[in-house]
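Asker:
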Amino acid sequence: MELSDDRLAPYGVRLYLKRDDLIHPEIPGNKWRKLKYNLAHAQAAGHGTLLTFGGAYSNHIQAVAAAGHYFGFSTIGIIRGEEHLPLNPVLAYAADRGMRLVYLDRTTYRAKHDPDLVEGLRREFGDYYLLPEGGSNALALRGCAELPAEIPFAFDAICCASGTGGTLAGIALGLGEGQRAMGFSALKGGGFLADDVRRLQEGYGRVTDNWSIEAGYHFGGFARRDAELDDFISDFAERHSMVLEWVYVAKMMYGIVDLVHSGRFAPGTVVVAVVTGGATC
Numbered sequence: 008m009e010l011s012d013d014r015l016a017p018y019g020v021r022l023y024l025k026r027d028d029l030i031h032p033e034i035p036g037n038k039w040r041k042l043k044y045n046l047a048h049a050q051a052a053g054h055g056t057l058l059t060f061g062g063a064y065s066n067h068i069q070a071v072a073a074a075g076h077y078f079g080f081s082t083i084g085i086i087r088g089e090e091h092l093p094l095n096p097v098l099a100y101a102a103d104r105g106m107r108l109v110y111l112d113r114t115t116y117r118a119k120h121d122p123d124l125v126e127g128l129r130r131e132f133g134d135y136y137l138l139p140e141g142g143s144n145a146l147a148l149r150g151c152a153e154l155p156a157e158i159p160f161a162f163d164a165i166c167c168a169s170g171t172g173g174t175l176a177g178i179a180l181g182l183g184e185g186q187r188a189m190g191f192s193a194l195k196g197g198g199f200l201a202d203d204v205r206r207l208q209e210g211y212g213r214v215t216d217n218w219s220i221e222a223g224y225h226f227g228g229f230a231r232r233d234a235e236l237d238d239f240i241s242d243f244a245e246r247h248s249m250v251l252e253w254v255y256v257a258k259m260m261y262g263i264v265d266l267v268h269s270g271r272f273a274p275g276t277v278v279v280a281v282v283t284g285g286a287t288c
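Pasting the structure below:
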């Protein structure tokens, strides 16, 4: 859908929304794309259990719990930090969908890639299919790379919110000549994501240079918000009858509007913004 917005019109920039949040009510957008080929691979390999990592407010944890429920997998979520009761809405949903929640202190959690930790989890829980934090791996990139071909018109730039860099890495792989992808980091100091995007593309087997990271629109850090972002969300809802998800999507949309105003997009540029998740506010 094209966004008709008088804040953009004077600059000659056309902005479209790719509503990936509507793919599935409980496994939206980039989470479905990341899981699609991983679930098929896990099933083909005979795995009955999915194990993954995430923070207490991780939408990846929520999506894996939903996927397990709908596709017949047992699920285990390794959660960063200590248990807090009552469970927040994300973890309560995951538990309701049958996910077993296991908590690791933050120091141990940082070693989640350590082979000894992974093997220790196998000894404790038995065989499982390992999904990385955020769901980003080569199979996830394959799913995300399919997104650009679904856009039925020519465009110059495509924007997405970035947490682990997997969605950006995959979308960039699916772009045509002259098109660019822009990732808007939801994390403070998100410039490190550039290394992660390159690493993910290396794991996929093809590295591109048609992407960039915008690290200045985190609004204080991951899962943080302030009055300026809240005002933007309210104003956007009044203009377009759509409440933006605030952890990722609203920060990206704010950034796009700001970059238009600062002249980063030339007149005539066609921009697509990927709405990866629905409102949680």
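Sequence positions in the sequence shown follow my numbering and run 8 to 288. Quick reminder that beta carbons are idealized off the backbone N, C-alpha and C, glycines included. Small disclaimer: the values here were computed from a predicted structure and weren't measured.
What does V281 pair with, by DSSP beta-bridge criteria?
Answerer: For the purposes of this step, residue 281 is taken as the residue at position 274 of the sequence shown. In DSSP, V281 forms a bridge with K25.
Asker: When the Cα of G55 is compared with those of G62, L46, A63, which residue comes out closest?
Answerer: As a working note, residue 55 is residue 48 in the sequence shown. Minimum Cα distance to G55 is reached at L46.
Asker: Could you give the DSSP three-state label for T276: helix, strand or coil?
Answerer: For the purposes of this step, residue 276 is identified with residue 269 of the sequence shown, where counting begins at 1. DSSP places T276 in coil when its eight states are reduced to three.
Asker: Let me confirm a value: S143 is counted as buried when at least 16 other C-beta atoms fall within 10 Å, else exposed. Which label applies?
Answerer: Counting from 1 along the sequence shown, the entry for residue 143 is found at position 136. Under this definition S143 is a buried residue.
Asker: Run the CB neighbour count on T114, radius 10 Å, all protein chains shown included, and call it buried at 16 or more, exposed below.
Answerer: Walking along the sequence shown from the start, residue 114 turns up at place 107. So T114 ends up on the exposed side.
Asker: Could you have a look at T171 and say whether DSSP puts it in helix, strand or coil?
Answerer: Translated into the one-based positions of the sequence shown, residue 171 becomes position 164. Residue state, collapsed to three classes: coil.
Asker: To the nearest angstrom, how far is the alpha carbon of A118 from that of G196?
Answerer: Walking along the sequence shown from the start, residue 118 turns up at place 111. Walking along the sequence shown from the start, residue 196 turns up at place 189. Roughly 21 Å separates the two Cα atoms.
Asker: In angstroms with no decimal places, state the Cα-to-Cα distance between W218 and A74.
Answerer: One-based indexing of the sequence shown puts residue 218 at position 211. One-based indexing of the sequence shown puts residue 74 at position 67. So the two alpha carbons sit approximately 30 Å from each other.
Asker: With a CB to CB cut of under 8 Å and the five nearest residues on each side skipped, what residues in its chain are close to L236?
Answerer: Mapped onto the sequence shown, residue 236 falls at position 229. So the list reads F226, W253, A257, K258, Y261, once near-sequence residues are dropped.
Asker: Determine contact between the region 151-165 and the region 117-133, defined as no fewer than three beta-carbon pairs at a distance below 8 Å.
Answerer: In short, these stretches do not touch, since the Cβ pair count stays below three.
Asker: Does the distance from the C-beta atom of A176 to that of Q208 stay below 8 Å?
Answerer: Working through the sequence shown from its first residue, we reach residue 176 at position 169. Working through the sequence shown from its first residue, we reach residue 208 at position 201. Yes, the pair counts as a contact, with Cβ atoms nearer than the cut-off.
Asker: On the premise that C151 lies in contact with G185, defined as a C-beta separation below 8 Å, what is that separation, rounded to the nearest angstrom?
Answerer: As a working mapping, residue 185 is identified with position 178 in the sequence shown. As a working mapping, residue 151 is identified with position 144 in the sequence shown. With 8 Å as the limit, G185 and C151 do not qualify as a contact, their Cβ atoms being about 20 Å apart.
Asker: Does the ligand ADP have even one heavy atom less than 7 Å from the beta-carbon of D13?
Answerer: Looking for the ligand ADP in the displayed structure turns up nothing, as the structure carries no ligands at all.
Asker: Going straight from the alpha carbon of P17 to that of D216, what length do you get?
Answerer: Your numbering for residue 17 matches position 10 in the sequence shown. Your numbering for residue 216 matches position 209 in the sequence shown. Approximately 30 Å, taken between the alpha carbons.
Asker: Taking P35 and G190 to be in contact with their CB atoms under 8 Å, please state how far apart those CB atoms are, rounded to whole angstroms.
Answerer: Your numbering for residue 35 matches position 28 in the sequence shown. Your numbering for residue 190 matches position 183 in the sequence shown. P35 to G190, Cβ: 18 Å. No contact.
Asker: Could you compute how far the alpha carbon of L10 sits from the alpha carbon of G133?
Answerer: Locating residue 10 in the sequence shown gives position 3, counting from the first residue. Locating residue 133 in the sequence shown gives position 126, counting from the first residue. Each residue's alpha carbon lies about 49 Å from the other.
Asker: Using the Cα positions of G228 and A234, report the straight-line distance between them to the nearest angstrom.
Answerer: Here the question's residue 228 lines up with position 221 in the sequence shown. Here the question's residue 234 lines up with position 227 in the sequence shown. Cα to Cα, the separation comes out at about 14 Å.
Asker: For A102 versus L111, is the C-beta distance shorter than 8 Å?
Answerer: Taking the first residue of the sequence shown as 1, we reach residue 102 at position 95. Taking the first residue of the sequence shown as 1, we reach residue 111 at position 104. Not in contact: A102 and L111 (Cβ atoms no closer than 8 Å).
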